[in-house]
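Heads up, the thing below is written out as structure tokens.
There are 2 protein chains.
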Amino acid sequence: MNKIIDLFKIKYPIIQGGMVWVSGWKLASAVSNSGGLGIIGAGSMHPDVLTEHILKCKKATSKPFGVNVPLLYPQMDKIIKILIDQKIPIVITSAGNPSTWTNKLKDSGSIVVHVVSSVKFAIKAEKAGVDAIIAEGFEAGGHNGREETTTMVLVPLISEVISLPLIAAGGIASGASMLAAMSLGADGVQIGSRFVASHEASSHINFKNIVTSAEEGSTILTLKDLTPVRLVKNKFYEEIKKLYLVGASSQEISDYLGKGRAKKGMFEGDLEQGELEIGQVSSQIKKIKYAKEIISDIVKEYNRVLDILSKQKI
Amino acid sequence: MNKIIDLFKIKYPIIQGGMVWVSGWKLASAVSNSGGLGIIGAGSMHPDVLTEHILKCKKATSKPFGVNVPLLYPQMDKIIKILIDQKIPIVITSAGNPSTWTNKLKDSGSIVVHVVSSVKFAIKAEKAGVDAIIAEGFEAGGHNGREETTTMVLVPLISEVISLPLIAAGGIASGASMLAAMSLGADGVQIGSRFVASHEASSHINFKNIVTSAEEGSTILTLKDLTPVRLVKNKFYEEIKKLYLVGASSQEISDYLGKGRAKKGMFEGDLEQGELEIGQVSSQIKKIKYAKEIISDIVKEYNRVLDILSKQKI
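Line by line, the protein sequences are chains A and B. Quick note: the first sequence, position 30, residue 32 per the working numbering, numbers continuous. Quick note: the second sequence, position 276, residue 278 per the working numbering, numbers continuous.
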């Protein structure tokens, strides 16, 4: 009896993060074929590219998979139409107002899940009628909340006020941290960084190697006045830091960022000038693996740690 | 078989944080009498005051208790002499180099535990010969590390590289979060904020009320260029923020802080001009309780959640 397993009809309550420039059909289908929920990250795809990935994913797996859509992106009408036409079983929405599209997606048969980083937005998403919530803590890679609430604190807070199935994200890359998340009140976990360092991820090998060599303190949450994002402290970040130190305006910083930094870093492998979005938990990731191995390692460790703790009641 | 229970000879692996202006003999003895490890916070005590608290604590409990000493404070020779003369069973050191005093304390029979916020310092403390490590995450109240590593990420990282008993701190105020910490590889937990809102804490009632009314986003880690500290975003903090925004130097900010802000806030109850050090987890604390009730609630919830999870292997 697990709410996430029941909702998504999957074997393990492990959802792969739908990350821009990382999560294409190869990774999504590999995760779904291994018993988790694979997710295509639509945030970095033009509508026709998204359609291609969906079709390929359907060919590669007969299991449920999902698509992650950042609601603030352009051409949202077209993207939503594709999801509906393609009868995508699970749609994960983020970065935007869940009340705009949830009903339309649900009416067409999709399960809708919304990503939040605060209690306030969790309540808002529940009111908008979503089917589950992903609660993402401060340590997570990529775009993030302003309150800086960590997974350890955020998950119990949200679990207390909503009755929907709850998925924890941020800081989770192993069976031990998955068990921690479940202890905090989550029904399942979303794992991002660990799957960046997978053979099936579409991320550039240079970026995968940066992930497996990351240490504590390698990442930082920055651009808090624009859109907060956790990324690797590379040369690109050092420039941002310098601009803040000399008191640059949000406009000046925005001008420096320009366009296409995430693609340049994560997809093209430019480690100096590109934006490398990754979580703090990259410091625990030492090896590029196949999605199947990642999931089986997590499940084994989860059950092993649970077994040990079960024998040590206090 | 629990390393922390064995090391400290206590009933539950729950250590109460030795917090300045909060943790006097009343709180420490109440925690020890309830099966946890009570800690006197020497950081806010003159040597003679510390002696008084130790003597009163000995009268109030026959159970083991400890003293927390921030090693960078003045009169350290005198403080260490008191700890040795009084045969304090457990000394927790923080904010300073563990190699300076560890041997002297251990030679006199004390168990020495050091607080760290990074892997680097955990390794250093292990080399210095301490008996256990407290790993404190970004969400913790009071003084904190520069890497901003959260409890969820820090505990597995440190657990991987050291073989000493490990205590997790930061974001823990309930049985659920204690179980999360133990899942991450900790052998016990240190709990601070939850004990601030206890009847026995010496903190001012105004401060206790601020803790029980805190919400997500009520605290922030600031003063990163001086000594990073997590505190309540009150009027005092808003002034600090303004100074940073106009590009004030570290010296100017240090001048604004002046002396005695922590006492003013936490002990005297000046909520506007005082420094109110507390963790993110204050957002989960709704009621002032007795130490005994806090511990029994945590233990009950720990076992209840563990029971539920044990029946749901994945």
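C-beta atoms are modelled at their ideal positions from N, C-alpha and C, and glycine is treated no differently. All values derive from a computational prediction rather than experimental measurement.
Could you tell me whether any Cβ in chain A is nearer than 7 angstroms to the Cβ of residue i?
i                      : result
residue 316 of chain B : yes
residue 249 of chain B : yes
residue 14 of chain B  : yes
Does residue i pass the burial test, meaning 16 or more other C-beta atoms within 10 Å, or should it be called exposed?
i                      : result
residue 165 of chain A : exposed
residue 150 of chain A : buried
residue 3 of chain A   : exposed
residue 82 of chain B  : buried
residue 221 of chain A : buried
residue 246 of chain A : exposed
residue 72 of chain A  : buried
residue 192 of chain B : buried
residue 116 of chain A : buried
residue 18 of chain A  : buried
residue 74 of chain A  : exposed
residue 218 of chain A : buried
Does residue i get closer than 7 angstroms to chain B when you measure Cβ to Cβ?
i                      : result
residue 158 of chain A : yes
residue 286 of chain A : yes
residue 120 of chain A : yes
residue 305 of chain A : yes
I want to verify the contact list: residues of chain B whose CB lies under 8 angstroms from the CB of residue i, in sequence order.
i                      : result
residue 186 of chain A : 178, 179, 182
Beta-carbon within less than 6 angstroms of residue i's beta-carbon, same chain only, minus the 5 sequence neighbours each way: which residues are those?
i                      : result
residue 172 of chain A : 138, 139, 141, 142, 153
residue 28 of chain A  : 202
residue 293 of chain A : 32, 33, 36, 200, 202
residue 7 of chain A   : 15
residue 272 of chain B : 266
residue 255 of chain B : 245
residue 56 of chain A  : 88
residue 107 of chain B : 93, 114
Give the range of the beta strand (DSSP E) segment to which residue i is assigned.
i                      : result
residue 49 of chain B  : Here residue 49 of chain B belongs to no beta strand (DSSP E); instead the alpha helix (DSSP H) covers 49–62.
residue 147 of chain A : From DSSP, residue 147 of chain A is part of no beta strand (DSSP E); its letter is neither H nor E.
residue 253 of chain A : Residue 253 of chain A -> not in any beta strand (DSSP E); alpha helix (DSSP H) instead, spanning 252–259.
residue 158 of chain B : Counting along the chain, residue 158 of chain B falls outside any beta strand (DSSP E), though it belongs to the alpha helix (DSSP H) covering 153–163.
residue 67 of chain B  : 67–72
residue 199 of chain A : Run containing residue 199 of chain A: none; DSSP gives neither H nor E here.
residue 169 of chain B : 168–171
residue 229 of chain B : Here residue 229 of chain B belongs to no beta strand (DSSP E), and DSSP marks it neither H nor E.
residue 115 of chain A : 113–118
residue 16 of chain A  : 16–18
Which bits of chain A does residue i rub up against, with CB to CB less than 9 angstroms?
i                      : result
residue 192 of chain B : Those within 9 angstroms of residue 192 of chain B in chain A number zero; the least Cβ separation is about 14 angstroms.
residue 301 of chain B : 316
Short of 7 angstroms in beta carbon distance, which residues of its chain neighbour residue i, apart from the five on each side in sequence? Order them along the chain.
i                      : result
residue 227 of chain A : 252
residue 195 of chain B : 143, 175, 213, 280, 281, 283, 284, 287
What does residue i reach in chain B if we use C-beta pairs closer than 9 angstroms?
i                      : result
residue 151 of chain A : 141, 218, 219, 282, 285
residue 311 of chain A : 181, 184, 185, 308, 311, 312
How would you list, in chain order, the residues of chain A whose beta-carbon sits under 8 angstroms from the beta-carbon of residue i?
i                      : result
residue 173 of chain B : 152, 154, 155
Which residues in chain A sit within 7 angstroms of residue i, going by Cβ to Cβ distance?
i                    : result
residue 4 of chain B : 314
Excluding the 5 residues preceding and the 5 following residue i in the sequence, name in chain order all residues of the same chain whose CB lies nearer than 8 angstroms to its CB.
i                      : result
residue 291 of chain B : 199, 200, 201, 299
residue 275 of chain A : 237, 238, 263, 266, 267
residue 297 of chain B : 14, 16, 33, 36, 37, 38
Considering just the uninterrupted stretch of the alpha helix (DSSP H) at residue i, what are its terminal residues?
i                      : result
residue 240 of chain B : 237–247
residue 99 of chain B  : First-last for residue 99 of chain B: undefined, no H or E at that position.
residue 293 of chain B : 293–312
residue 85 of chain B  : 78–87
residue 279 of chain B : Taken as a continuous stretch (DSSP letters only), residue 279 of chain B belongs to no alpha helix (DSSP H), as it is neither H nor E.
residue 43 of chain B  : Looking at the DSSP string, residue 43 of chain B is not in any alpha helix (DSSP H); the run it does join, the beta strand (DSSP E), is 40–43.
residue 128 of chain B : 121–130
residue 178 of chain B : 177–185
residue 212 of chain B : 207–214
residue 6 of chain B   : 5–10
residue 32 of chain A  : 27–35
Using a threshold of 6 angstroms, is the CB atom of residue i nearer than that to any non-hydrogen atom of the ligand GTP?
i                      : result
residue 279 of chain A : The ligand GTP is absent from the structure shown, which contains no ligands of any kind.
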